[in-house]
Every structure is written in C-alpha cells, then in structure tokens.
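Student: Dumping the structure here so I can ask a few things about it.
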Amino acid sequence: MAPSFLADECVFQGTIDFLRNRGFEVTRAQDLSLRGAPDREVLLRAQKLNLVLLTNDLEFGDIRRYPPSRHKGISVLKLKDYSSMADVHIVLQDLPTKEEHIAGSLFIVDRRRWRKRLRP
0 MAPSFLADEC VFQGTIDFLR NRGFEVTRAQ DLSLRGAPDR EVLLRAQKLN
50 LVLLTNDLEF GDIRRYPPSR HKGISVLKLK DYSSMADVHI VLQDLPTKEE
100 HIAGSLFIVD RRRWRKRLRP
C-alpha cells in the first residue's frame, strides 16, 4: 500500500500536486488547522492520523530530536528555493512507494538524491 502524507505548511503546493498526481494521498497541515503550530504538534498529528510527515523544515532531520523509531516516517525536502522544486520532483519519483519501506524511517531528499535513515 502506498503511504499517505501530511504536508507541513512549508511544503510548496506544487510538490503536493506532484505527489497527488502520482496517486499519493496528501493532507495539508493548513487543512487540519495546524498553520503556525509547533513542530512537535505537527508530528504528533501525523502520528495520530498514521501519516508520513512531508516537510521542508530541516529540524525534522535531527534523529536525536525525532528518532525514526517513534514516528510513521518523515521525508525532509531540502529545497533552497522554488527553482529547485523540479529537481526534487525528479528525485521523488525514485523514492520507495510502499508504506512498509517508509514507515519508521527518515528520508532526506535534495536536488540530486535521497538518503534513508532507519529506525535503530
């Protein structure tokens, strides 16, 4: 089964549309009244809804603060600006598309590749 995502408010709408067009279910943080919410609250909501968190917030890449074993999964998109979005979309096409390959993992996605950190 394909994972479903909670897109943090910093994720570009173009990225949300890109994933939806590829068949993924994506819920926006704004639609859950999470605009301006603290990071931990956003991640907690993703956990409660059994969603993978999709974010541009690099702080979620700190496995000491957000250990992979404690969440459904986090995908951090390292976008410097809107112009790098198309490159990241190319890399996103190569991400695993099965929920069991994403659950409990941290993915860091940049313009050239993705890296996966597993739960300990």
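Using numbering that gives the first Met the number 0, read the sequence shown as starting at 0 and increasing by one per residue.
We put the beta carbon where it would ideally sit given N, CA and C, even for glycine.
The model shown is predicted, which means the values in this text are computed figures rather than measured ones.
Just to check my reading of the structure: Lys77 and Val108 have Cβ atoms closer than 8 Å, yes? What is that Cβ distance to the nearest angstrom?
Tutor: About 7 Å; that satisfies the 8 Å criterion.
Student: Find out if the Cβ-Cβ distance for the pair Val25, Arg19 is shorter than 8 Å.
Tutor: Cβ atoms of Val25 and Arg19: closer than 8 Å.
Student: Measuring straight from C-alpha to C-alpha, what distance separates Arg116 and Leu105?
Tutor: Whole-angstrom Cα-Cα distance: 5 Å.
Student: Closest by CA to Arg2, which one among Ser68, Ala45, Ile89, Arg34?
Tutor: Correcting the residue type first, residue 2 is Pro in the shown sequence and not Arg. Comparing Cα-Cα distances from Pro2 to each of Ser68, Ala45, Ile89, Arg34, the minimum goes to Ala45.
Student: Locate the beta strand (DSSP E) running through Glu24, then write down its first and last residues.
Tutor: 24-27 is the span of the beta strand (DSSP E), which, as asked, contains Glu24.
Student: What are the complete alpha helix (DSSP H) segments, minimum 4 residues, inside the region 40-118?
Tutor: Correct list: 84-91, 98-101.
Student: Kindly indicate the opening and closing residues of the beta strand (DSSP E) around Phe4.
Tutor: Unbroken beta strand (DSSP E) run through Phe4: 3-6.
Student: Taking DSSP as the reference, what is the three-state secondary structure of Phe17?
Tutor: Here Phe17 sits in helix by DSSP.
Student: Among the candidates Arg64, Leu43, Gly103, Ala6, whose CA atom is the shortest distance from the CA of Phe23?
Tutor: When only C-alpha atoms are compared, the closest one is Ala6.
Student: For Arg27, which residues of its own chain have a beta-carbon under 6 Å away from its beta-carbon, when the five flanking residues on both sides are left out?
Tutor: Once the five neighbours on either side are set aside, the close Cβ partners of Arg27 are Ala6.
Student: Can you give the Cα-Cα distance for Arg114 and Gln12, rounded to whole angstroms?
Tutor: Approximately 23 Å, taken between the alpha carbons.
Student: Once the 5 residues before and after His88 are set aside, which same chain residues still bring their CB inside 6 Å of it?
Tutor: Cβ within range, chain order: Phe17.
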